[in-house]
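Data block below; observations after.
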Amino acid sequence: MVVGPNALIVEGGAMRSIVSCGVLDQFLAQQFSPFDSFWGVSAGANNLVAYLANMPRRNLKVYLDYSCRKNFIKPGRFIRGGDLMDLDWMWEISLRELGLDKQTLNAEKRPLFITVTRQSDGQAAYLSPSADQVAEAMKASSALPILYRRGVELDGTRYVDGGVADSIPLQAAIDAGAKNIMILRSRPESYRKPAPKWRGLTRRLLRETPGLIEPMLTRHLRYNQTLDLIASPPQGVKVLQFCPPEDFKLKRLSREVEPLEQAYQLGMDLGQRAIDVWQQQIEADSKA
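So the sequence shown is numbered by my numbering: it starts at 358 and just counts up by one.
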């Protein structure tokens with residue numbers, strides 16, 4: 358797997374990813390797409406697919422409408438042993454009512470890598486699905502363990518949320534040959550992931566998928582190692598990250614429309630700044 362020098366990575370973060378939805382919609386509005394490869398995780402992957410399908414505001418409908426409906430989050434069902442998040446309903450209604458422009462996706466020759474985690478052993482995989490497979494790959498990358506218990510099966514392998522194994526696939530992009538890398542984050546720049554508080558409970562809730570126990574308990578180590586890599590990339594690699602401001606407080610499962618709308622607008626503004634910085638630092642360097 359070898360890619361061109363310019364890469365775009367989009368972190369997940371559930372409802373916090375409405376920020377990268379706004380960033381990518383701004384990119385579409387400005388016809389900004391200088392990248393050779395695309396790397397998405399969980400909700401970040403969903404946003405990237407809408408971007409590559411040239412469907413502005415598609416995912417805004419998902420965040421402001423479908424995600425806020427009672428059909429999606431059901432605490433009572435979770436208490437009774439079911440899924441807290443009904444991804445099956447979410448995918449059915451969004452694909453039926455919003456669709457995906459498969460013709461545009463098929464015409465896109467630059468590679469898209471969707472990060473998923475193998476349920477059996479907690480290892481990362483970077484899928485490059487066809488337009489016909491992309492919806493199920495998006496779903497797999499969003500299948501949070503515990504909250505959506507069974508994962509998603511693709512070609513005989515069961516996968517869960519990509520953020521378990523690799524929340525920000527920077528090392529994978531570097532290994533593939535990327536040199537100029539933009540990362541869209543869903544957390545403020547100063548954020549460091551803490552160690553899990555409820556280790557015993559996590560072990561009990563994951564007892565039916567034992568291969569995920571240690572990966573879930575050590576997510577913070579891999580996440581924070583990637584933050585160190587962002588701060589000190591290898592020689593010859595330039596990383597530009599764009600983060601929400603330090604006072605950004607949106608929760609992973611926030612369902613209040615006004616804060617979500619504000620976060621989307623924040624993303625639109627951040628998208629313009631990302632365009633300006635890229636043009637100043639990357640495109641200027643290439644012309645020097």
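Even for Gly, the Cβ is constructed at its ideal location relative to N, Cα and C.
When DSSP states are grouped into helix, strand and coil, Val359 belongs to the coil group. Of the candidates Arg426, Thr514, Val521 and Gln598, Val521 places its Cα closest to the Cα of Ile503.
Taking 4 residues as the shortest admissible run, the stretch 557-637 contains the following complete alpha helix (DSSP H) segments, listed from N- to C-terminal end: 570-574, 576-588 and 614-635. Here Ile450 carries a helix assignment [DSSP, helix/strand/coil]. The continuous alpha helix (DSSP H) containing Tyr420 extends over residues Arg415 to Leu421.
Taken atom to atom, the span from the alpha-carbon of Val367 to that of Ala631 is near 13 angstroms. If you check the CB distance, Val491 and Ala500 do not come in under 8 angstroms.
Here Ile639 carries a helix assignment [DSSP, helix/strand/coil].
The way I'd put it, the stretch 384-393 doesn't touch the stretch 577-596; fewer than three beta-carbon pairs between them come closer than 8 angstroms.
Under the 10 Å beta carbon count, Arg373 is surrounded by 16 or more other beta carbons and is classified as buried. Each residue's CA atom was taken as its position, placing Asp489 and Lys459 some 7 angstroms apart.
In the structure shown, Ile531 adopts helical secondary structure according to DSSP, grouped into three states. The three-state secondary structure of Ser394, taken from DSSP, is strand. Leaving aside the five residues that flank Gly379 on each side, the residues in its chain whose CB is nearer than 6 angstroms to its CB run, in chain order, Tyr621, Gly624 and Met625. A straight line joining the alpha-carbon of Gln638 with that of Ala535 spans about 16 angstroms. In the displayed model, Arg373 falls within a helix according to three-state DSSP. In the DSSP assignment, the residues bridged to Ala482 are Val473.
Asn404: member of the alpha helix (DSSP H) spanning Ala400 to Leu409, first to last residue.
When Cβ pairs closer than 8 angstroms are counted between the two stretches, the stretch 594-611 is seen to touch the stretch 526-546, the count reaching three or more.
Ala497 carries a helical assignment under DSSP once its states are collapsed to helix, strand and coil. In terms of Cβ geometry, Val517 and Gln480 do not form a close pair [threshold 8 angstroms]. The straight-line gap separating the alpha-carbon atoms of Thr566 and Ala371 is approximately 22 angstroms.
Burial is judged here by how many other beta carbons sit within 10 angstroms of a residue's own beta carbon; Val376 has at least 16 and is buried. Looking at the DSSP output, Glu510 bridges to Arg515.
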